[in-house]
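The structure appears below as structure tokens.
Residue numbers (mature numbering (1 follows the signal peptide of the UniProt record, and there is no 0)): -22 to -1, 1 to 332.
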């Protein structure tokens, strides 16, 4: 059953403006760098042959697609002088061939959804919005979609396996599937890309799936994008997207050792996206712990957040972010090693079964 939404103009405009870039470019590069160092020889050769560069370079690609603007039936990669930070991670993709790929991907994935929330449909592939009251990701929950981040990763895996690309995705080839995975596996491990808090008119969290899926227009906080810290002016989602201080975007020996200790997911590879989403949903419950909310008097449709203990929250946040980055890098490598097992592991897979 489709959810019944009470949506006004404010909610639509809010959705258009809230979904900014995901895990920042440094985090995506670090995730790719961790994965690069754990690929088996066969998977590494596929990456270098099919991509033409390493996973560290590929990490920010799906956010660079956001620089493609539509003008009628034309799609053009366009630099925004007001936001040079959106351009800096994308220089590796600005040759004529790479730019054409960005534009073609955006064109193919611009109108593949129902249009809810406005904007190009490919922006929806970066997240899902499951209420944190749930213990696992299930497609029946409000906030999930066939074209959410779980569906996007599953589609890219299918293409790497030589299977048909499931709709609504229109993945062109193996390179495009790798570019998607290099980014979306990272996004899936950012907990606020999976879990969201829904607030009633009294600013209290509630489970929308226990409420007949009837929402007031500002109930969904969009993975923390609508929750603003009045002290910093930053929304909660943006704070979680930032890489923890001191990590950088190079995988040092300590991070690689920690990633090597991440166990493979105990299921066939096509179930991994749902397993990882469930894990991120559980982390999201911790990310929203220790917070309180009030309506933002200056920004209709948004909320102000307060911390029970700001210093403790920030310490816990940094630890959870680092763990998420390590797991994402390890699992990106495990996924590709399973799709392309080395000779020593042929028939067994590296970390799972296909």
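Positions of the beta carbon are idealized from the N, C-alpha and C atoms, including for glycine.
All values reported here derive from a predicted model rather than from experimental measurement.
So, are the CB atoms of residue 144 and residue 133 less than 7 Å apart?
On the chain shown, position 166 is the one that residue 144 refers to. On the chain shown, position 155 is the one that residue 133 refers to. Against a cut-off of 7 Å, the Cβ pair of residue 133 and residue 144 comes out as a contact.
Please state whether DSSP places residue 119 in a helix, a strand or coil.
As a working mapping, residue 119 is identified with position 141 in the chain shown. Reduced to three states, the DSSP call for residue 119 is coil.
Pull up the distance between the alpha-carbon of residue 162 and that of residue 53, whole angstroms please.
In the chain shown, the residue the question calls residue 162 occupies position 184. In the chain shown, the residue the question calls residue 53 occupies position 75. Cα to Cα, the separation comes out at about 23 Å.
Let's test the definition: count the other Cβ atoms within 10 Å of the Cβ of residue 121 and tell me whether it reaches 16, buried, or not, exposed.
Here the question's residue 121 lines up with position 143 in the chain shown. By the neighbour-count rule (16 or more Cβ atoms within 10 Å), residue 121 is buried.
Should residue 228 go down as buried or exposed, given a rule of 16 or more other Cβ atoms within 10 Å for buried?
Taking the first residue of the chain shown as 1, we reach residue 228 at position 250. So residue 228 counts as exposed.
I need the boundaries of the alpha helix (DSSP H) containing residue 272, first residue and last residue.
Start at 1 with the first residue of the chain shown, and residue 272 comes out as number 294. Premise fails: residue 272 lies in the beta strand (DSSP E), 269 to 273, not in any alpha helix (DSSP H).
Between the stretch 174 to 185 and the stretch 136 to 152, are three or more C-beta pairs nearer than 8 Å?
Because the criterion of three Cβ pairs below 8 Å is not met, the stretch 174 to 185 and the stretch 136 to 152 do not touch.
Considering only residues of the same chain and omitting the five flanking positions on each side of residue 65, which have a CB-CB separation below 8 Å?
What you label residue 65 is simply residue 87 of the chain shown in a count that begins at 1. Excluding positions up to five away in sequence, the list reads 45, 57 and 58.
How would you label residue 63, buried or exposed, when you count the other beta carbons within 10 angstroms and need 16 or more for buried?
The sequence position of residue 63 within the chain shown is 85, counting from 1. So residue 63 ends up on the exposed side.
Of the residues 224, 170, 230 and 226, which one's Cα is nearest the Cα of residue 213?
Numbered from 1 along the chain shown, position 235 holds the residue referred to as residue 213. Checked all of 224, 170, 230 and 226; the closest Cα to residue 213 is 170.
Identify the continuous beta strand (DSSP E) that holds residue 285 and give its terminal residues.
Position 307 of the chain shown, counted from the start, is the residue given in the question as residue 285. Note, residue 285: beta strand (DSSP E), 281 to 285.
Hey, quick one: how far does the alpha helix (DSSP H) through residue 291 stretch, first residue to last?
Against the chain shown, residue 291 aligns to sequence position 313. Run containing residue 291: 288 to 317, per the alpha helix (DSSP H) assignment.
Following the continuous beta strand (DSSP E) through residue 47, name the residue where it begins and the one where it ends.
Residue numbering aside, residue 47 sits at position 69 when the chain shown is read from its first letter. It spans 46 to 49 - the beta strand (DSSP E) in which residue 47 sits, taken as one unbroken run.
According to the neighbour-count rule (16 or more other Cβ atoms, all chains shown, within 10 Å of its Cβ), is residue 73 buried or exposed?
Start at 1 with the first residue of the chain shown, and residue 73 comes out as number 95. Residue 73 is exposed by the Cβ-count criterion.
So, helix, strand or coil for residue 239, using DSSP?
What you label residue 239 is simply residue 261 of the chain shown in a count that begins at 1. Looking at residue 239 - three-state DSSP - the assignment turns out to be coil, as it is neither helix nor strand.
Could you check the C-alpha separation between residue 15 and residue 137 for me, to the nearest Å?
To locate residue 15, count along the chain shown from 1; it is residue 37. To locate residue 137, count along the chain shown from 1; it is residue 159. When rounded, the distance between both Cα atoms is 23 Å.
State the DSSP-derived secondary structure class of residue -18, mapped to helix, strand or coil.
Locating residue -18 in the chain shown gives position 5, counting from the first residue. A caution first: residue -18 carries a pLDDT of 36, below 50, which makes its placement in the model too unreliable to give a value.
Which ranges does the beta strand (DSSP E) cover as unbroken runs of at least 3 residues, wholly within the stretch 19 to 105, from first to last along the chain?
Listed in chain order, the complete beta strand (DSSP E) runs (minimum 3 residues) inside the stretch 19 to 105 are 46 to 49 and 52 to 55.
In the structure shown, what three-state DSSP assignment does residue 124 receive?
To locate residue 124, count along the chain shown from 1; it is residue 146. It is coil, neither helix nor strand.
Beta carbon of residue 13, beta carbon of residue 307: below 7 Å?
On the chain shown, residue 13 is found 35 positions in, with the first residue counted as 1. On the chain shown, residue 307 is found 329 positions in, with the first residue counted as 1. Contact flag set, yes.
Over the uninterrupted alpha helix (DSSP H) stretch that includes residue 153, give me the two end residues.
Residue 153 sits at position 175 when you count from the first residue of the chain shown. Note, residue 153: alpha helix (DSSP H), 152 to 167.
Here's the rule: buried if 16 or more other CB atoms are within 10 angstroms of the residue's CB, otherwise exposed. What is residue 31?
Residue 31 sits at position 53 when you count from the first residue of the chain shown. With fewer than 16 other Cβ atoms within 10 Å, it is exposed.
Mapping the DSSP letters down to three states, classify residue 173 as helix, strand or coil.
Working through the chain shown from its first residue, we reach residue 173 at position 195. Strand.
Using the Cα positions of residue 118 and residue 188, report the straight-line distance between them to the nearest angstrom.
Counted from its first residue, the chain shown places residue 118 at position 140. Counted from its first residue, the chain shown places residue 188 at position 210. Going from the Cα of residue 118 to the Cα of residue 188 covers about 12 Å.
Roughly how many angstroms lie between the CA atoms of residue 199 and residue 262, to the nearest whole one?
In the chain shown, the residue the question calls residue 199 occupies position 221. In the chain shown, the residue the question calls residue 262 occupies position 284. Those two C-alpha atoms are separated by around 13 Å.
Between residue 233 and residue 304, which are expected to be in contact by the criterion C-beta below 8 Å, what is the C-beta distance as a whole number of angstroms?
Counting from 1 along the chain shown, the entry for residue 233 is found at position 255. Counting from 1 along the chain shown, the entry for residue 304 is found at position 326. About 6 Å separates the two Cβ atoms, so the contact holds.
Should residue 69 be labelled buried (16 or more other beta-carbon atoms within 10 Å of its own) or exposed?
Counting from one through the chain shown, the residue named residue 69 turns up at place 91. Exposed: under 16 other Cβ atoms inside 10 Å.
Cα separation between residue 208 and residue 276?
For this step, residue 208 is matched to residue 230 along the chain shown. For this step, residue 276 is matched to residue 298 along the chain shown. Distance between the alpha carbons of residue 208 and residue 276 is about 11 Å.
With DSSP as the reference, please indicate the residues paired to residue 108 in a beta bridge.
For the purposes of this step, residue 108 is taken as the residue at position 130 of the chain shown. DSSP output for residue 108 lists 173 as bridge partner(s).
Whose C-alpha, out of 317, 249 and 311, is nearest the C-alpha of residue 9?
On the chain shown, position 31 is the one that residue 9 refers to. Minimum Cα distance to residue 9 is reached at 311.
Between the beta-carbon of residue 318 and the beta-carbon of residue 20, is there less than 7 Å?
By one-based count along the chain shown, residue 318 stands at place 340. By one-based count along the chain shown, residue 20 stands at place 42. Result yes, Cβ atoms of residue 318 and residue 20 sit closer than 7 Å.
Residue 34: which of 226, 244 and 282 sits nearest, CA to CA?
Within the chain shown, the letter at position 56 stands for residue 34. Checked all of 226, 244 and 282; the closest Cα to residue 34 is 226.
What does the alpha-carbon distance come out to for the pair residue 141 and residue 294?
Taking the first residue of the chain shown as 1, we reach residue 141 at position 163. Taking the first residue of the chain shown as 1, we reach residue 294 at position 316. If you take the alpha carbons of residue 141 and residue 294, they lie about 41 Å apart.
How long is the line joining the alpha carbons of residue 183 and residue 81, rounded to whole angstroms?
Reading the chain shown from its first residue, position 205 is the one you call residue 183. Reading the chain shown from its first residue, position 103 is the one you call residue 81. Taking the straight line joining both Cα atoms gives about 40 Å.
Check for me: the alpha helix (DSSP H) holding residue 214 runs from which residue to which?
Counting from 1 along the chain shown, the entry for residue 214 is found at position 236. Segment 214 to 219, the alpha helix (DSSP H) holding residue 214.
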